[in-house]
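Note that the protein sequences, when read in sequence, are chains X and H.
Residue numbering for the first sequence follows our numbering, starting at 29 and increasing by one per position.
Residue numbering for the second sequence follows our numbering, starting at 5 and increasing by one per position.
For each residue, glycine too, the CB sits at the ideal point set by N, CA and C.
Treat the numbers as computed from the prediction; the structure is a model and nothing was measured.
A quick write-up on the structure given underneath.
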Amino acid sequence: MDPRYERLAEVVLDHSLALKPGQVLRIEAEAVAAPLFLPLHREAIKRGAHAYAAIDLGGLKELLVAHGSEDQLSFVSPIALREMDTIDAAITIWSETNTRSFSRADAERRKRQLAADQQLAMRRRDRISRGEIRWCGTLCPTDAHAQDADMSLEEYEDFVFRACHVLDSDPVGHWRRIGERLQARAAELGTVRELRIVGEDTDLAVVVEGRTWRPAYGIQNLPDGEVYTSPVETGINGTIRFGFPAIFGGREVDDARLRFEDGRVVASEAAGGEPYLKALLGMDEGAAAAGEIAFGLNYEIDRFTRNILFDEKIGGTMHLALGMGFEDLGGRNRSALHLDLICDLRREGEVYADGELIWRSGSFLREPEPARDIAHVR
Amino acid sequence: MSDSRHERLADVLVDFCAGVREGDLVTLESTTLAAPILRALYRRVLAAGAHPLPRISLEGMSESLLKYGNEEQLSWENPVRADDVETVDVRIVLEAAGNTKRLSNIDPARLARQQRSAERLRNRYLERAAAGELRWVLTAYPTEAAAQDASMSFAEYEDFVFGSAFLDDPDPVARWREFGERIDRIAGFLASKRQLRVVSDGTDLRLNVEGRAWISAKGRENLPDGEVFTAPLETSVDGEIRFTYPAVFNARQVDDVRLRFEAGEVVEATATRGEEFLREMIGMDEGARRVGEFAFGLNEAVPVFTRNILFDEKIGGTVHLALGTAYPESGGLNRSALHWDLICDLRSGSEVYADGELVYRDGHFLYGTNGWSD
Numbered sequence: 029m030d031p032r033y034e035r036l037a038e039v040v041l042d043h044s045l046a047l048k049p050g051q052v053l054r055i056e057a058e059a060v061a062a063p064l065f066l067p068l069h070r071e072a073i074k075r076g077a078h079a080y081a082a083i084d085l086g087g088l089k090e091l092l093v094a095h096g097s098e099d100q101l102s103f104v105s106p107i108a109l110r111e112m113d114t115i116d117a118a119i120t121i122w123s124e125t126n127t128r129s130f131s132r133a134d135a136e137r138r139k140r141q142l143a144a145d146q147q148l149a150m151r152r153r154d155r156i157s158r159g160e161i162r163w164c165g166t167l168c169p170t171d172a173h174a175q176d177a178d179m180s181l182e183e184y185e186d187f188v189f190r191a192c193h194v195l196d197s198d199p200v201g202h203w204r205r206i207g208e209r210l211q212a213r214a215a216e217l218g219t220v221r222e223l224r225i226v227g228e229d230t231d232l233a234v235v236v237e238g239r240t241w242r243p244a245y246g247i248q249n250l251p252d253g254e255v256y257t258s259p260v261e262t263g264i265n266g267t268i269r270f271g272f273p274a275i276f277g278g279r280e281v282d283d284a285r286l287r288f289e290d291g292r293v294v295a296s297e298a299a300g301g302e303p304y305l306k307a308l309l310g311m312d313e314g315a316a317a318a319g320e321i322a323f324g325l326n327y328e329i330d331r332f333t334r335n336i337l338f339d340e341k342i343g344g345t346m347h348l349a350l351g352m353g354f355e356d357l358g359g360r361n362r363s364a365l366h367l368d369l370i371c372d373l374r375r376e377g378e379v380y381a382d383g384e385l386i387w388r389s390g391s392f393l394r395e396p397e398p399a400r401d402i403a404h405v406r
Numbered sequence: 005m006s007d008s009r010h011e012r013l014a015d016v017l018v019d020f021c022a023g024v025r026e027g028d029l030v031t032l033e034s035t036t037l038a039a040p041i042l043r044a045l046y047r048r049v050l051a052a053g054a055h056p057l058p059r060i061s062l063e064g065m066s067e068s069l070l071k072y073g074n075e076e077q078l079s080w081e082n083p084v085r086a087d088d089v090e091t092v093d094v095r096i097v098l099e100a101a102g103n104t105k106r107l108s109n110i111d112p113a114r115l116a117r118q119q120r121s122a123e124r125l126r127n128r129y130l131e132r133a134a135a136g137e138l139r140w141v142l143t144a145y146p147t148e149a150a151a152q153d154a155s156m157s158f159a160e161y162e163d164f165v166f167g168s169a170f171l172d173d174p175d176p177v178a179r180w181r182e183f184g185e186r187i188d189r190i191a192g193f194l195a196s197k198r199q200l201r202v203v204s205d206g207t208d209l210r211l212n213v214e215g216r217a218w219i220s221a222k223g224r225e226n227l228p229d230g231e232v233f234t235a236p237l238e239t240s241v242d243g244e245i246r247f248t249y250p251a252v253f254n255a256r257q258v259d260d261v262r263l264r265f266e267a268g269e270v271v272e273a274t275a276t277r278g279e280e281f282l283r284e285m286i287g288m289d290e291g292a293r294r295v296g297e298f299a300f301g302l303n304e305a306v307p308v309f310t311r312n313i314l315f316d317e318k319i320g321g322t323v324h325l326a327l328g329t330a331y332p333e334s335g336g337l338n339r340s341a342l343h344w345d346l347i348c349d350l351r352s353g354s355e356v357y358a359d360g361e362l363v364y365r366d367g368h369f370l371y372g373t374n375g376w377s378d
């Protein structure tokens, strides 16, 4: 057995969840995630937790979308709703057997089925934000994800485990140190009024004054490594070009370029999928405004792999999300959309904070002042 | 791969066995190895207008709990499973093991403890079933592990499994209805009897079944099916019985079990192999040394022993008794965390007497006697 799966399991249980004896842990995964699921379950049992499985088979939801009645499509199991109130911790393993299995599904029906799933996710989200449960989303390498990343499964495993730092001598220590550093970075960014991002075909001013920056260091995602906030809704001006494809609902938009005026997209084009991009921008009132701006800081993630769990953390990039903002960070934009667009700043990118150059060619110019206290940060 | 027998099995399970109706909440319970039939069932349940709720486990989970769990973890009752048992309308359960011996080296005392912790939910669902609030069906999906236990190739074993459920018949449901009528007559005949005596090599056992219900198991709660069963009066079982087939429980095998009963209780238990495990199980609780079920196996499409009780207890020409808990609908009062079926082949040199009269010989009821006929 590959020991890296067990080490990833340990990081999730000890760092992300800080799992304690007697806690009820729900592990949600597709059957194909067995190589990670089984060590997670076993190690959780060894830690004295009550761990159990919610396992899905690839292909079942597809059958529901293809054949379900209206009633069946929008059905939310009362048992599943109550379940969300009984757990102390949850893990989602986002592993799929086929990442394109809904490509030909009826979009309207798929939307209705997702809306039903969303009710459960919201219930869990509420409990997470109240601090009642800890949750972490991670991934078990599969051929489907390797294929999306243009890699063999073996290469993809190496990529995933490097990104999660499970081969470090002390992975949990690594993520704690990342936490300290990103917390300090977030605190520093919290004093900034306006960011200016300059790169290839990009010159964008983003007002972030009064907003909270959040460090992401392996608590809710593994891998992790970003700091993010919701920008001031009327405070974005200029142009930005996104070098990597953007993926929403399984469909891609390539090489998107946007022009903002007073926080709203006023012009958009894309080399591929432009009609889809325009359709997304018109989805609702909030879809043409930004809900998130972030720095990707995981330098073990050095390439685009068509999976947002990794792509948004590529070291040396920034991303901007159109649509839904983060209320708890001060964001006010609301939308059914949250489209992450990734801007590669590794070669000629520069970022200025209130006129001062703070980032060049993919990294901050200096380490932040150490934060005094990170105990309150989750 | 699409095996048309998968579709037929799904049809029989959903439409006939479980009688799934519009709006039902239906759990589909199995391991990931049963994926092809789970997909067929999921679709069939949707077609019936009901809501399929997959409850899928990965093999290896129970092993981790049994190996590494502490007392509290072993006896933990999952509130979600409890909610299932109280809420759902139908359970469709499919055995599908990748390795039937994976629990062989688990401490029997820990197995017994986990068994006890599962007892409350097991009783609750049997209660709801007896009250007509919940329908359930247990079946088996062929795996290499099960084929190996049966000493068959996978292809042979598939044929055995699907054949035993009459899926090769052009109309399996019609075949099950016809079969059901036949064994209903046997149950009706037995219902008029008080005392049974089973005589075979190493066996002379007497039991009283007066006032107890004989139930025909005719393809509703098990597939395959084919037995008539009851619960003997709790203090009535006397004599000795030798079980011709190995007794298998939680993947542990006990060979050549011999039990002596006095006034309904096991007073002597021996085995040529696994005797310690046998004693551990019998000592599990008060009810584990009493008989909760006595039954005749009647499915001629199950001719051989395959080390799987779902099939073995239905072998045409056998009887079995179960130590431990009784099915409430049979009128039995015995309760235990155990329900362990032990099988005795009566196909040669064997006789069964009912109230002193010979009614069964060498694996067959004697037709045309005693005012009933087939």
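Next item on the list: Would you identify the three-state DSSP class for I115/X, choosing helix, strand or coil?
Entry: As a working mapping, residue 115/X is identified with position 87 in the first sequence. Reduced to three states, the DSSP call for I115/X is coil.
Checklist line | As assigned by DSSP and simplified to three states, the class of T166/X | finding: Stepping through the first sequence from its first residue, residue 166/X is reached at position 138. Three-state result, T166/X: strand.
Next item on the list: Report the three-state DSSP secondary structure of S66/H (helix, strand or coil).
Entry: By one-based count along the second sequence, residue 66/H stands at place 62. Residue state, collapsed to three classes: helix.
Note to self: For the structure I just gave you, are there three or more beta carbon pairs, one from the region 207-216 of chain X and one from the region 52-68 of chain X, closer than 8 Å?
What the structure shows: no
Item checked: Those residues which DSSP pairs with L142/H across a bridge -> Counting from 1 along the second sequence, the entry for residue 142/H is found at position 138. Answer is V97/H, N226/H.
Note to self: So, does the region 233-245 of chain H touch the region 213-221 of chain H, judging by three or more C-beta pairs under 8 Å?
What the structure shows: yes
Notebook entry, point to check: On the three-state DSSP scale, how would you describe P112/H?
Noted result: Start at 1 with the first residue of the second sequence, and residue 112/H comes out as number 108. In this structure, P112/H counts as helix in the three-state DSSP scheme.
Checklist line | Any 3 or more C-beta pairs closer than 8 Å across the region 120-136 of chain H and the region 55-64 of chain H | finding: With the cut-off at 8 Å, the region 120-136 of chain H and the region 55-64 of chain H do not touch.
Item checked: Chain-ordered residues of the region 351-382 of chain X with a beta carbon less than 8 Å from chain H -> none
Next item on the list: Mark L223/X as exposed unless 16 or more other C-beta atoms lie within 10 angstroms of its C-beta, in which case mark it buried.
Entry: Indexing the first sequence from 1 puts residue 223/X at position 195. L223/X comes out buried.
Item checked: Contacts that I107/X makes with chain H (C-beta to C-beta distance below 8 Å) -> Locating residue 107/X in the first sequence gives position 79, where the first residue counts as 1. Here the neighbours are L29, L57, V84, D87, D88, T91, V92.
Check: So, R287/X versus R269/X, is the Cβ gap smaller than 7 Å?
Finding: In the first sequence, residue 287/X corresponds to position 259, counting from 1. In the first sequence, residue 269/X corresponds to position 241, counting from 1. Going by C-beta atoms, R287/X is not nearer than 7 Å to R269/X.
Check: Using DSSP with H/G/I as helix, E/B as strand and the rest coil, what is C192/X?
Finding: As a first step, residue 192/X must be located in the first sequence, where it is residue number 164. Three-state result, C192/X: coil.
Notebook entry, point to check: Do we get a CB-CB distance below 7 Å when we pair A59/X with the residues of chain H?
Noted result: As a first step, residue 59/X is located in the first sequence; it is residue number 31 there, counting from the start. It does: the Cβ of A59/X has a partner Cβ on chain H nearer than 7 Å.
Notebook entry, point to check: So what's G2/H in DSSP terms, helix, strand or just coil?
Noted result: Residue numbering for chain H in the displayed model covers 5 to 378; residue 2/H lies beyond these limits and cannot be assessed.
Note to self: Against chain H, does E111/X count as a neighbour if the rule is that its beta carbon must be under 7 Å from one of theirs?
What the structure shows: The sequence position of residue 111/X within the first sequence is 83, counting from 1. True, the Cβ-Cβ gap to chain H drops below 7 Å.
Notebook entry, point to check: By the 10 Å Cβ neighbour count, where 16 or more other Cβ atoms means buried, how is G331/H classified, buried or exposed?
Noted result: Residue numbering aside, residue 331/H sits at position 327 when the second sequence is read from its first letter. Note that residue 331/H is Tyr in the sequence shown here, rather than Gly. So Y331/H counts as buried.
Check: Are the C-beta atoms of T333/X and some chain H residue less than 7 Å apart?
Finding: Counted from its first residue, the first sequence places residue 333/X at position 305. It does not: the Cβ of T333/X has no partner Cβ on chain H nearer than 7 Å.
Margin query: Quick check on N74/H: buried or exposed, where buried means 16 or more other Cβ atoms within 10 Å of its Cβ?
Written below: Along the second sequence, read from residue 1 onward, the residue named residue 74/H stands at position 70. Its Cβ having fewer than 16 others within 10 Å, N74/H is exposed.
Checklist line | Residues that V202/H bridges to, as DSSP identifies them | finding: Your numbering for residue 202/H matches position 198 in the second sequence. Paired residues: L209/H, V356/H.
Notebook entry, point to check: Is the distance from the Cβ of E272/H to the Cβ of A134/H below 7 Å?
Noted result: As a working note, residue 272/H is residue 268 in the second sequence. As a working note, residue 134/H is residue 130 in the second sequence. No.
Notebook entry, point to check: Any Cβ of chain X within less than 7 Å of the Cβ of A39/H?
Noted result: Taking the first residue of the second sequence as 1, we reach residue 39/H at position 35. Cβ-Cβ to chain X under 7 Å: yes for A39/H.
Item checked: Residues near A81/X in its chain [Cβ-Cβ closer than 6 Å; skip 5 each side] -> If you number the first sequence from 1, residue 81/X lands on position 53. Beyond the five residues adjoining it in sequence on each side, A81/X comes within less than 6 Å, by CB distance, of I55 in the same chain, given in chain order.
Item checked: Contacts around L36/X, its chain only, beta-carbon distance under 6 Å, and the 5 residues preceding and following it disregarded -> Walking along the first sequence from the start, residue 36/X turns up at place 8. If we look at L36/X and ignore the five residues flanking it on each side, its Cβ neighbours are C192, V194.
Note to self: At the 7 Å Cβ level, is W218/H part of the contact set with chain X, yes or no?
What the structure shows: To locate residue 218/H, count along the second sequence from 1; it is residue 214. Taking Cβ atoms only, chain X never reaches closer than 7 Å to W218/H, which makes this a no.
Check: Straight-line CA distance for P31/X to N338/H?
Finding: By one-based count along the first sequence, residue 31/X stands at place 3. By one-based count along the second sequence, residue 338/H stands at place 334. Using only the alpha carbons, I get a separation of about 48 Å.
Check: Does F189/X come within less than 7 Å of chain H when only Cβ atoms are used?
Finding: Indexing the first sequence from 1 puts residue 189/X at position 161. No, F189/X does not count as interfacial toward chain H.
Checklist line | Rounded straight-line distance, which links the Cα of V18/H to that of G207/X | finding: Here residue 207/X refers to the residue found at position 179 when the first sequence is read from its first residue. Here residue 18/H refers to the residue found at position 14 when the second sequence is read from its first residue. Computed Cα separation, rounded: 52 Å.
Margin query: Quick check on DSSP: helix, strand or coil for T276/H?
Written below: Residue 276/H sits at position 272 when you count from the first residue of the second sequence. Note: T276/H maps to coil in three-state DSSP.
Next item on the list: For T262/X, count neighbouring C-beta atoms within 10 Å of its own C-beta (all shown protein chains included) and say buried if the count is 16 or more, exposed if not.
Entry: The residue you call residue 262/X lines up with position 234 of the first sequence. With fewer than 16 other Cβ atoms within 10 Å, it is exposed.
Check: Among R279/X, I370/X, Y380/X, E254/X, which one has its Cα closest to the Cα of A307/X?
Finding: Here the question's residue 307/X lines up with position 279 in the first sequence. Closest by alpha carbon: R279/X.
Next item on the list: Could you spell out the range, first to last residue, of the alpha helix (DSSP H) harbouring I161/X?
Entry: Residue 161/X sits at position 133 when you count from the first residue of the first sequence. Where I161/X is concerned, there is no enclosing alpha helix (DSSP H), given that its DSSP letter is neither H nor E.
Notebook entry, point to check: Is there a Cβ from chain X that is less than 7 Å from the Cβ of P146/H?
Noted result: To locate residue 146/H, count along the second sequence from 1; it is residue 142. No - not a single Cβ of chain X is within 7 Å of the one on P146/H.
Check: So, helix, strand or coil for D259/H, using DSSP?
Finding: Position 255 of the second sequence, counting from 1, holds the residue named residue 259/H. Correct three-state label for D259/H: strand.
Note to self: Mapping the DSSP letters down to three states, classify Y161/H as helix, strand or coil.
What the structure shows: The residue given as residue 161/H occupies position 157 in the second sequence. Three-state DSSP puts Y161/H in a helix.
Checklist line | Neighbouring residues, chain X, relative to I96/H (Cβ below 9 Å) | finding: Residue mapping note: residue 96/H aligns to position 92 of the second sequence, counting from 1. Near I96/H there are no residues of chain X at all, since even the closest Cβ is about 14 Å away, more than 9 Å.
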